[in-house]
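Protein chains in written order, with this note's numbering: chain A, 0 to 114; chain B, 14 to 127. Just below is one structure, and these are the notes that go with it.
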C-alpha cells in the first residue's frame with residue numbers, strides 16, 4: 000500500500016528564515032503529488048500540485064516544491080517565511096489512474112513562525 | 014459561499030448513540046469523498062462517490078459506518094452505535110472527475126463520543 004512520510008512533525012522558525020519540509024512516498028508507480036495547508040481554524044486548502052512536466056512547481060504564497068522521482072520525494076520550500084505561514088502542512092499522493100482516486104496523506108507538519 | 018459545506022460542525026454524543034453528518038459538495042463536482050482525521054494524523058480516506066454510485070467503500074472503518082449519496086448531490090455519513098474511538102474530525106471533499114485527485118475540502122464535522 001502506498002504511504003507518505005513527512006519527516007518533521009513540528010518546526011519552529013523565525014520570520015524571514017528559509018523553509019524546507021520533507022516528504023517521501025513509498026509507491027513506485029506514476030503518482031500525482033500535492034501539498035495542502037490548514038491555517039488555524041480553517042479548512043484544508045491546496046497549496047500546490049504536481050501531475051507531470053517541470054518537476055519544480057510553484058504554488059500560492061511563494062511556496063514551491065520539487066519532485067525528485069529517483070528519491071520518491073516532493074519537498075516543500077519557501078525562501079523567506081512570514082508569521083502568517085503558521086499552519087499545518089500535509090503532503091499527499093494520488094495513484095494516477097487508480098480506482099479509488101483518494102489521496103493518501105502524510106501525518107502533517109505543524110509549522111510555527113515566530114515574529 | 015460556494016465551497017463544500019458540512020453539518021453539524023460539532024457533535025457531542027454518548028457512546029452507543031447513532032450520529033449522521035451531512036456534506037454538500039461544490040455544485041459542479043460529481044465526486045465526493047469522506048475522510049477521517051484524528052489528532053496528530055493526516056486525513057484518512059474512508060469512501061468516495063461518483064455521482065450517486067459509491068465506488069470505494071472497503072476503507073470504511075467498520076460495518077457501523079455507512080455513507081449515502083442518494084441523488085448524486087449531498088451525502089450523509091452515518092456512524093451507528095458510536096464508540097469513544099470514533100471521536101475524530103470527519104472531513105468531506107469534492108472534486109471534478111478527471112481532476113487528478115485535486116480535492117476541495119469542507120471545514121469538517123468534529124465528533125466527540127463520551
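Just so it is clear, CB atoms sit at the ideal spot from N, CA and C, and this is done for glycine as well.
Helix, strand or coil for residue i, going by three-state DSSP, please let me know.
i            : result
residue 76/B : coil
residue 2/A  : coil
residue 70/B : coil
residue 84/B : coil
residue 70/A : helix
residue 97/B : helix
residue 59/A : helix
residue 25/A : coil
residue 20/B : strand
Alpha carbon to alpha carbon, how far is residue i from residue j?
i             : j            : result
residue 25/A  : residue 58/A : 23 Å
residue 77/A  : residue 60/A : 9 Å
residue 110/A : residue 73/A : 17 Å
residue 92/A  : residue 18/A : 21 Å
What residues in its chain sit with their C-beta under 8 Å from that of residue i, if we drop five residues either side in the sequence?
i            : result
residue 49/B : 56, 57, 59, 74, 101, 102, 103 and 104
residue 41/B : 109
List the residues of chain B whose Cβ lies closer than 7 Å to the Cβ of residue i, in chain order.
i             : result
residue 107/A : 55
residue 31/A  : 113 and 114
DSSP has residue i in a bridge; who is on the other side?
i             : result
residue 106/B : 46/B and 118/B
residue 77/A  : 18/A
residue 93/A  : 31/A
Interface residues of chain B around residue i at Cβ under 8 Å?
i            : result
residue 50/A : 113
residue 74/A : The contacting residues do not exist; residue 74/A stays about 17 Å from chain B at best.
By Cβ distance, which residues of its chain are closer than 6 Å to residue i, with the 5 residues on each side in sequence left out?
i            : result
residue 84/A : 112
residue 12/A : 80 and 112
Whose Cβ in chain A lies nearer than 8 Å to the Cβ of residue i?
i             : result
residue 120/B : 41 and 42
Closer than 9 Å by beta-carbon distance: list the chain A residues that pair up with residue i, in chain order.
i            : result
residue 58/B : 99, 101, 102, 103 and 104
So with CB distances below 9 Å, who are the chain B contacts of residue i?
i            : result
residue 89/A : 55 and 56
Following a CB-centred definition, is residue i positioned closer than 8 Å to any heavy atom of the ligand NAD?
i             : result
residue 109/A : You won't find the ligand NAD in this model; it holds no ligand whatsoever.
Since residue i meets chain A, which of its residues come closer than 7 Å, beta carbon to beta carbon?
i            : result
residue 65/B : Going along chain A, no residue has its Cβ under 7 Å from residue 65/B, so there is no contact; the nearest lies around 16 Å.
Might you give, ordered along the chain, the residues of its own chain that have their beta carbon closer than 7 Å to the beta carbon of residue i, omitting 5 neighbours on each side?
i            : result
residue 69/B : 60 and 61
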